[in-house]
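**Q**
Residue numbers (full-length UniProt numbering): 1 to 392.
#1: Between the region 208 to 224 and the region 332 to 346, do three or more beta carbon pairs fall short of 8 angstroms?
#2: Report the partner residues of residue 110 according to the DSSP bridge assignment.
#3: Per DSSP, what are the beta-bridge partners of residue 274 in this structure?
#4: To the nearest angstrom, report how far apart residue 307 and residue 376 are at their CA atoms.
#5: So residue 94 and residue 142 are in contact, right, with Cβ under 8 angstroms, and what is the actual spacing, rounded?
#6: Taking the alpha-carbon of residue 204 as reference, which of 222, 244, 37, 221 has the nearest alpha-carbon?
#7: Taking the straight line between their C-alpha atoms, what separation do you get for residue 196 and residue 275?
#8: Between the C-alpha atoms of residue 22 and residue 35, what's the straight-line distance to the nearest angstrom?
#9: Once the 5 residues before and after residue 343 are set aside, which same chain residues still bring their CB inside 7 angstroms of it?
#10: Which complete beta strand (DSSP E) runs does the region 219 to 291 hold, if anything under 3 residues is left out?
#11: Any idea what DSSP makes of residue 60, helix, strand or coil?
#12: Provide the residue span of the alpha helix (DSSP H) that contains residue 78, from first to last.
#13: Nearest CA to the CA of residue 394: which residue from 329, 169, 322?
#14: I'd like to confirm the pairing. Which residues does DSSP put opposite residue 137 in its beta bridges?
#15: Do you know how far the Cα of residue 122 is from the Cα of residue 287?
#16: Should residue 166 go down as buried or exposed, given a rule of 16 or more other Cβ atoms within 10 Å for buried?
#17: Could you check which residue in 222, 309, 6, 301 has the C-alpha nearest to that of residue 337?
#18: Keeping to the same chain, check which residues put their C-beta closer than 6 angstroms to that of residue 49; ignore five residues upstream and five downstream.
#19: Between 273, 313, 201, 30, which has its C-alpha nearest residue 259's C-alpha?
#20: If you draw a straight line from the alpha carbon of residue 182 to that of residue 351, how long is it in whole angstroms?
#21: Who pairs with residue 2 in a beta bridge, going by DSSP?
#22: Taking 8 angstroms as the cut-off, decide whether the C-beta atoms of residue 125 and residue 355 are in contact.
#23: Using only CA atoms, which one of 111, 69, 118, 89 lies nearest to residue 209?
#24: Assuming residue 366 and residue 112 form a contact by the criterion Cβ under 8 angstroms, report the distance between their Cβ atoms to the nearest whole angstrom.
#25: Mark residue 150 as exposed unless 16 or more other C-beta atoms lie within 10 angstroms of its C-beta, in which case mark it buried.
#26: Please classify residue 329 as buried or exposed, where buried requires at least 16 other C-beta atoms within 10 Å of its C-beta.
#27: Distance check for residue 18 and residue 97, CA to CA, integer angstroms please.
#28: From 199, 263, 279, pick the residue whose C-alpha is nearest to that of residue 232; which is it?
#29: Are residue 295 and residue 261 closer than 8 angstroms when you measure CB to CB?
#30: State the DSSP-derived secondary structure class of residue 311, mapped to helix, strand or coil.
#31: Would you call residue 363 buried or exposed, if buried means 16 or more other Cβ atoms sit within 10 Å of its Cβ?
#32: Throw me the rounded Cβ distance for the residue 289 and residue 311 pair, which I believe falls under 8 angstroms.
#33: Is the beta carbon of residue 251 closer than 8 angstroms to that of residue 190?
#34: Would you identify the three-state DSSP class for residue 322, choosing helix, strand or coil?
#35: Taking 8 angstroms as the threshold (beta carbon to beta carbon), is residue 280 in contact with chain C?
#36: In or out: residue 108 buried (at least 16 other Cβ within 10 Å) or exposed?
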């Protein structure tokens with residue numbers, strides 16, 4: 001089976017979408033049924049992807065393309081150029097790592113897409129009105145064009161069922177993100193000036209839905225009330241975005257420069273170091289499609305304090321400490337952190353259901369359904385646990 005994974009997005013740093021593409025490649029290369037994988041990325045992404053992939057496997061071909069990193073140009077590339085690459089490589093499956101505009105009739109193979117979330121519908125404040133409308137149109141067009149939609153969680157599938165029930169009913173299934181142990185931990189801290197101080201970790205892009213300012217408010221209150229040591233830091237790792245100016249302003253106005261550290265673009269080995277040394281992970285999102293940092297923290301047996309939302313409940317289960325975002329989120333998170341700090345620092349937990357050995361079975365089953373022309377949502381009882389139709 002020949003697969004093309006399209007992962008051309010604007011960010012040069014590894015984001016959730018690009019990490020998902022990397023993990024798809026890694027897990028699919030573990031199976032002999034996959035004869036070739038063609039990974040297509042932007043030229044600005046090429047080095048980052050190469051550093052994270054098993055280049056010695058001759059089945060993997062990485063292709064870099066030149067295109068302007070604007071939403072319009074990227075979508076135009078997917079619409080006009082991607083079909084030609086798929087036909088040139090004679091692949092059986094094209095899998096988009098996130099929704100983009102495409103012309104289905106131009107492909108000579110089956111096309112699937114991963115759906116991470118429905119932010120244009122569920123959290124329009126992330127975009128502004130014009131971008132929100134553009135992204136809603138883009139999302140709806142893509143999901144109606146493709147042959148299959150792989151939702152990263154049951155929560156995402158349920159949201160899809162609310163907004164586009166025909167798509168959810170006819171062509172959508174759940175395949176969790178693949179989360180495996182990372183590379184060997186870095187020998188040095190990526191935190192500037194770190195001198196063995198304790199720290200909380202928050203892994204989130206600078207978007208309003210991530211509630212990073214709320215996290216800093218909680219952290220500040222814990223400092224002021226003596227719940228944590230005076231030299232404790234809050235390390236926020238994530239790509240800068242619309243909320244960056246507000247985050248920096250809060251740090252300045254509240255004199256938190258000695259305590260709050262903003263990082264982005266760190267290596268996987270450095271990320272491993274952060275999970276291994278943090279006091280706990282804070283995940284404060286209003287809405288999520290999956291919650292990759294929560295699962296990664298579980299894999300490292302970290303304490304986790306997260307907002308009480310469906311996606312986090314789905315992946316975190318009884319492992320995490322939850323805080324309600326209504327009516328008093330700051331007080332709820334402070335109480336949850338206090339409870340979490342009573343636990344042993346490294347807890348026993350399992351993230352086996354997100355392992356590559358489980359997830360690759362779901363991908364192969366999805367692709368087999370597509371190639372045989374059968375529905376991805378029929379005969380649900382015969383599907384592996386990680387490829388399921390949503391339940392009411």
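Cβ atoms here follow ideal geometry from the backbone N, Cα and C, with glycine treated the same way.
**A** By the coordinates alone:
#1: yes
#2: 93
#3: DSSP output for residue 274 lists no bridge partner at all.
#4: 32 angstroms
#5: About 12 angstroms; that fails the 8 angstroms criterion.
#6: 244
#7: 14 angstroms
#8: 17 angstroms
#9: 303
#10: 233 to 237, 260 to 263, 280 to 283
#11: strand
#12: 71 to 80
#13: Here the chain comprises residues numbered 1 to 392, so residue 394 is not present and cannot be evaluated.
#14: DSSP output for residue 137 lists no bridge partner at all.
#15: 8 angstroms
#16: exposed
#17: 222
#18: 41
#19: 201
#20: 13 angstroms
#21: 36
#22: no
#23: 118
#24: 7 angstroms
#25: buried
#26: buried
#27: 7 angstroms
#28: 199
#29: no
#30: helix
#31: buried
#32: 6 angstroms
#33: no
#34: strand
#35: Absent from the structure: chain C. Only one protein chain is present.
#36: exposed
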